[in-house]
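Q: Can you read through this structure? Questions will come right after.
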Amino acid sequence: MREINLIVIHCSATRVDRDITAQDINSAHKVRGFSSWGYHYYIRKNGKVEPMRSHDEVGAHARGYNAKSLGICYEGGLDTNGKPADTRTLSQQIALHSLVSKLLKEFPGCKVVGHRDLSPDKNYNGIIEPSERVKECPCFNTADETWE
Numbered sequence: 001m002r003e004i005n006l007i008v009i010h011c012s013a014t015r016v017d018r019d020i021t022a023q024d025i026n027s028a029h030k031v032r033g034f035s036s037w038g039y040h041y042y043i044r045k046n047g048k049v050e051p052m053r054s055h056d057e058v059g060a061h062a063r064g065y066n067a068k069s070l071g072i073c074y075e076g077g078l079d080t081n082g083k084p085a086d087t088r089t090l091s092q093q094i095a096l097h098s099l100v101s102k103l104l105k106e107f108p109g110c111k112v113v114g115h116r117d118l119s120p121d122k123n124y125n126g127i128i129e130p131s132e133r134v135k136e137c138p139c140f141n142t143a144d145e146t147w148e
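In this text, residue positions in the sequence shown follow UniProt numbering: the first is 1, and each later residue adds one.
Structure representation (structure tokens):
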């Protein structure tokens, strides 16, 4: 088993009024040159958690951090106008918290971050400020969540 010290939360960056399946993610990731879907889990709007990659398999979801991380993606992240927004349904929120809690028990000491929190700290103040974010994913502040 590889060492895991980071759980990275993502959104599919799709509009709230559109559906995107795990197979759609798989197809999109293959087009980008990945062997298969890059995430370890995908959470649909109805709260269904779909396993994608095994924990032993290095993900393809956060360049520079994949070797020691697990990636979780939820369906959505954009409002009906295509703007970044926390579009998680209550079912997704419950499923995400349950999954992260389970993973934290399996991999104690892991840090939970959003993909945007892995952006470079351009002014070296120790904080990834909104102007420094490469992307908004997962479109909510993971630091505001209680994961355990």
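Glycine included, C-beta positions come from ideal geometry on N, C-alpha and C.
1. So what's residue 142 in DSSP terms, helix, strand or just coil?
2. Whether or not the segment 78–85 and the segment 21–31 are in contact is what I'm after, with contact meaning three or more pairs of Cβ atoms, one per stretch, closer than 8 Å; do they touch?
3. Over the uninterrupted alpha helix (DSSP H) stretch that includes residue 118, give me the two end residues.
4. Helix, strand or coil: how does DSSP classify residue 94 here?
5. On the three-pair Cβ rule with 8 Å, is the segment 89–98 touching the segment 106–115?
6. State the Cα-Cα distance for the pair residue 143 and residue 33, rounded to the nearest angstrom.
7. Note down, in chain order, each residue of its chain lying with its Cβ closer than 6 Å to the Cβ of residue 22, except the 5 sequence neighbours on either side.
A: Here's the rundown:
1. In the structure shown, the three-state DSSP call for residue 142 is helix.
2. no
3. No alpha helix (DSSP H) holds residue 118; DSSP gives it neither H nor E.
4. The answer is helix: DSSP assigns residue 94 an H, G or I state.
5. no
6. 32 Å
7. 42 and 50
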